[in-house]
Structures are given as structure tokens and as C-alpha cells.
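Residue numbers (the numbering used here), protein chains in the order written: chain A, 173 to 328; chain B, 173 to 328. Think of the CB as a built atom: it goes at the ideal place given N, C-alpha and C, for glycine as much as any other residue.
Number of protein chains: 2
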Amino acid sequence: MSNHNHDKCIEAALIEATNICVARNTRFTPLRKKVLELVWSGHNPVTAYELLDMLSDAGRKRVAPPTIYRALDFLIEEGFVHRLESLNAFIGCPDPAHKHHGHFLICRKCRTVTEVKDDALQKNITRAANDLGYSCENNMLEIMGLCHNCKKHSNS
Amino acid sequence: MSNHNHDKCIEAALIEATNICVARNTRFTPLRKKVLELVWSGHNPVTAYELLDMLSDAGRKRVAPPTIYRALDFLIEEGFVHRLESLNAFIGCPDPAHKHHGHFLICRKCRTVTEVKDDALQKNITRAANDLGYSCENNMLEIMGLCHNCKKHSNS
DNA sequence: TGACCAGAGGATAAGTTATAACATATCACG
DNA sequence: CGTGATATGTTATAACTTATCCTCTGGTCA
Chain A
173 MSNHNHDKCI EAALIEATNI CVARNTRFTP LRKKVLELVW SGHNPVTAYE LLDMLSDAGR
233 KRVAPPTIYR ALDFLIEEGF VHRLESLNAF IGCPDPAHKH HGHFLICRKC RTVTEVKDDA
293 LQKNITRAAN DLGYSCENNM LEIMGLCHNC KKHSNS
Chain B
173 MSNHNHDKCI EAALIEATNI CVARNTRFTP LRKKVLELVW SGHNPVTAYE LLDMLSDAGR
233 KRVAPPTIYR ALDFLIEEGF VHRLESLNAF IGCPDPAHKH HGHFLICRKC RTVTEVKDDA
293 LQKNITRAAN DLGYSCENNM LEIMGLCHNC KKHSNS
């Protein structure tokens with residue numbers, strides 16, 4: 173995630189979300205759009221309260237927590253955003269058009285988060301659940317470690 | 173987890189924890205023992221505040237949150253207890269002697285939690301991380317679905 | 001044996017994350 | 001327009017977690 177034109181990421185996410193909402197006839201309101209844009213401010217997780225501050229800085233008059241949480245609920249429901257349970261934080265989904273569970277790589281150093289897309293892995297998870305008599309309706313995998321870049325530049 | 177003698181589960185967990193602490197020369201104090209016992213009161217996750225209430229009911233004078241969190245920190249550190257991130261709750265580990273990451277099946281109906289022990293799955297996870305340039309220092313998998321028993325008895 | 005020290009746990013307060021409950025605004029559609 | 005449904009604003013509070021400071025206890029060692 174080093175030096176790319178991140179504006180493109182944001183723009184792409186907003187356009188795709190817009191298209192999906194049109195297709196589904198759901199309401200991509202200005203607030204929801206703004207929150208999605210803020211979530212996409214980087215490839216790092218952001219917390220609800222960071223979003224709150226960012227929204228306020230962005231010129232709106234200070235909003236209260238429910239405003240953010242409701243927007244996030246919508247964005248998660250539509251698949252535009254994932255929640256990182258181990259961080260109580262949120263991250264934009266790079267592929268909202270395809271329904272999937274959240275599997276993430278989290279760099280403990282630079283906090284970059286990369287989404288894992290691995291069908292074999294998902295199959296393996298479902299299989300493991302079935303082996304023990306459970307159905308798998310939903311699952312989340314969060315892997316903490318060092319990203320490629322931080323591995324190179326560090327000795328810890 | 174239907175009708176087993178759960179006292180055996182509790183007893184086994186306490187004995188194993190005691191042995192491990194002796195081996196490691198760490199202090200399994202009465203408070204820590206009591207908290208572990210309470211965590212093991214069932215095969216369901218318990219929250220920190222539930223433990224707080226349980227401790228108080230158990231005759232002690234009301235303790236404050238840090239007391240519980242410190243005990244939990246110790247128990248987690250020693251591997252006796254896992255934290256379920258998606259529930260902000262805690263569950264006893266059935267195999268504390270062997271270091272491993274937490275992979276769980278959670279029944280959304282009866283809340284029974286079963287720990288998954290699956291080496292192939294862990295290898296698969298590590299491989300997926302490496303494929304994307306990440307190391308895997310730590311990982312957590314939480315699968316939500318219905319357990320065998322609840323599948324049989326329900327139509328939702 | 002007694003001075004010292006480290007670790008455990010009690011007490012208070014505060015920080016962080018999330019939701020309930022109710023009021024108001026806006027939209028969609030007949 | 002009017003009405004119902006959905007979105008957002010507002011206030012308060014619940015739920016979860018940590019920081020800080022202090023006391024007590026049990027072990028170590030001069």
C-alpha cells in the first residue's frame with residue numbers, strides 16, 4: 173500500500189457504492205457517502221469516534237455517536253465496510269459487489285489492513301465447522317503480524 | 173455439550189491450571205482460581221461484568237472491574253482462557269497445555285462455544301497470510317452458526 | 001530478625017465504545 | 001397535499017476497559 177494514488181481508491185469505492193445502491197434501490201445519502209469516504213481515507217482501520225471527529229472537522233456541526241453508528245450499520249449491511257472485531261474499528265471493503273466474510277491481515281506496526289480473498293480458505297473454514305456439527309452462517313478471521321514492508325524495515 | 177457432568181469439566185480445568193502454574197512457577201492465587209472456575213461455569217462465553225456479578229454472588233464483597241480484568245489478563249496470558257472478540261466475552265480453554273490460536277464455533281441460538289482444533293486450517297491460514305506478504309503472529313477465527321442440537325430443533 | 005522489594009489486589013476515577021429512547025426532518029407515493 | 005416510511009438529530013446512559021495510586025503480603029537477603 174506504499175505509494176499509490178489513494179484518491180483513486182476513494183473514488184472507485186464511492187462510485188461502486190453508488191452503483192450498487194442504485195441497483196438495490198437503497199439510499200446512499202450524503203451522510204452515508206461522507207462516512208464511507210472517511211472510512212476510505214486510508215487502508216487503515218478507523219474507529220467510530222475517529223469518524224466522529226473527522227466528520228466534525230469536515231465542517232459539519234458536531235454529530236453524536238448514533239449518527240456514525242447508524243451510517244456504519246448501513247454501510248456494513250450493504251457490504252461497503254467491514255468491522256474489525258479485534259480492533260473495534262472499521263475498514264472499507266474493496267469488493268462490495270461480491271458477498272463474502274471478512275478475513276483480514278493486520279500489520280501490527282503500520283496498521284495497514286489487507287483483505288484476504290481466498291476461496292480455499294473459506295471452504296476449509298466451513299468444512300471445519302461442519303466437521304463439528306455446526307453450520308457456518310458467518311465468520312471472521314483476523315490475522316495479526318507484520319506486512320511485507322514492515323518486515324523488511326524492522327528487527328522486531 | 174448436552175448432558176454431561178460439567179463438574180468434571182470444571183475440576184479438570186482447575187487441576188490442569190494448577191499443574192501448569194506449578195510448572196511455570198506462576199501464582200495461581202485464590203482469586204485467579206475462582207475467576208477461572210466461574211469462566212468454566214458453562215460452555216458459554218461470559219462477559220467481564222457477568223464475572224463481576226458472579227464473584228459478588230459467590231459471597232465476596234463486591235469487587236471492582238480492574239480486579240476481574242487483571243485476573244482475566246493472567247488467565248489469558250497463561251492460556252487458560254480465550255477472549256472472544258466478536259462478543260467481548262471470555263471462555264475457558266480446554267487445552268491450555270498446548271499453545272494455539274483461538275478458533276471458535278459459536279451457536280447463535282444456545283450460545284454454546286466449541287473450540288476448533290484443526291492443524292490443517294491453521295496451516296491454511298498461515299499460508300494465506302504469507303501469500304500476501306504478511307507474517308502470522310497471531311490469529312483469531314470466530315464462526316457464527318447453529319450447533320448440531322439447535323439445527324435439529326429449530327426452523328430458523 | 002528485620003529491612004527491603006516485588007507482585008497481587010483494593011479503591012477511585014476516567015477513558016473508550018456502543019445503544020436506547022425520543023424528537024424532528026425528509027422522502028416517496030397515492 | 002397528506003400520510004407512512006425512512007433517515008437523522010439529540011440526550012442520556014449502558015457496557016467495556018484502563019490508569020493511577022495505595023496497601024498488604026510473602027519472600028529474600030544482609
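Rounded to the nearest whole angstrom, the C-alpha separation of Ser213/B and Glu309/B is 31 Å. In this structure, the alpha-carbon of Glu183/B lies about 31 Å from that of Ala292/B. Counting along the chain, Ala185/A sits inside no beta strand (DSSP E); it lies in the alpha helix (DSSP H) bounded by residues 178-196.
Excluding sequence positions up to five before and after Ile297/A, its CB lies within less than 6 Å of the CB of Asn311, all in the same chain and listed in chain order. Using a C-beta cut-off of 8 Å, the region 230-249 of chain B makes no contact with the region 245-259 of chain A, since fewer than three inter-stretch Cβ pairs fall below that distance. Residue environment: Val194/A is assigned as exposed (fewer than 16 neighbouring CB atoms within 10 Å of its CB, all protein chains considered). Neighbours of Cys279/B in chain A, taken as residues at a C-beta separation under 8 Å, are given in chain order as Tyr306.
Out of Asp225/B, Ser258/B, Pro266/B, the CA that lies nearest to the CA of Glu314/B is found in Ser258/B. Phe246/B sits in a helix when the DSSP states are folded into three classes. The alpha carbon of Lys206/B has as its nearest neighbour, out of Asp303/B, Gly305/B, Arg242/B, Lys323/B, the alpha carbon of Arg242/B. The residue among His325/A, Asn302/A, Cys322/A with its C-alpha nearest the C-alpha of Asn321/B is Asn302/A.
Rounded to whole angstroms, Leu277/B and Arg232/A show a C-alpha spacing of 42 Å.
The C-beta of His215/A has 16 or more other C-beta atoms within 10 Å across all chains shown, which makes the residue buried.
In this structure, Val253/A keeps its C-beta atom at 8 Å or more from the C-beta atom of Val285/A. DSSP places Val285/B in the strand class (E or B) of the three-state scheme. Think of a sphere of 7 Å around the beta carbon of Val285/A: no beta carbon from chain B falls inside it, the nearest being about 10 Å out. At a cut-off of 8 Å between beta-carbon atoms, Gly264/B makes no contact with chain A.
Around the Cβ of Ile187/B, a 10 Å sphere holds fewer than 16 other Cβ atoms; the residue is exposed. Only those residues of the region 219-241 of chain B whose C-beta falls short of 8 Å from the nearest C-beta of chain A would be listed, and there are none. Taking CB atoms only, Asp267/B has no neighbour in chain A less than 8 Å away. Comparing alpha-carbon positions, the option among Thr190/A, Cys279/A, Arg283/A lying closest to Ala269/A turns out to be Thr190/A. At a beta-carbon threshold of 7 Å, the residues of chain B lying near Lys323/A are Ser307, ordered along the chain.
Residue environment for Ser307/B: buried (at least 16 other C-beta atoms within 10 angstroms of its C-beta).
With a contact defined as Cβ atoms closer than 8 Å, Met316/A and Arg280/A qualify at about 5 Å. Its Cα nearest to that of Gly305/A, the residue Lys323/B stands out among His275/B, Lys323/B, Lys289/B.
A Cβ-Cβ distance of about 15 Å is found for the pair Pro237/A and Ala261/A, leaving them out of contact under the 8 Å criterion. Annotation: Arg234/A to Lys295/B spans about 47 Å, alpha carbon to alpha carbon.
Of all residues in the region 243-263 of chain A, only Glu257, Ser258 come within less than 8 Å of chain B when Cβ atoms are compared, listed by chain position. Ranking Leu256/A, Ala300/A, Arg299/A by CA distance to the CA of Glu287/A puts Leu256/A first. The distance from the Cβ of Ala300/A to that of Asp267/B is about 16 Å, inconsistent with a contact at the 8 Å cut-off.
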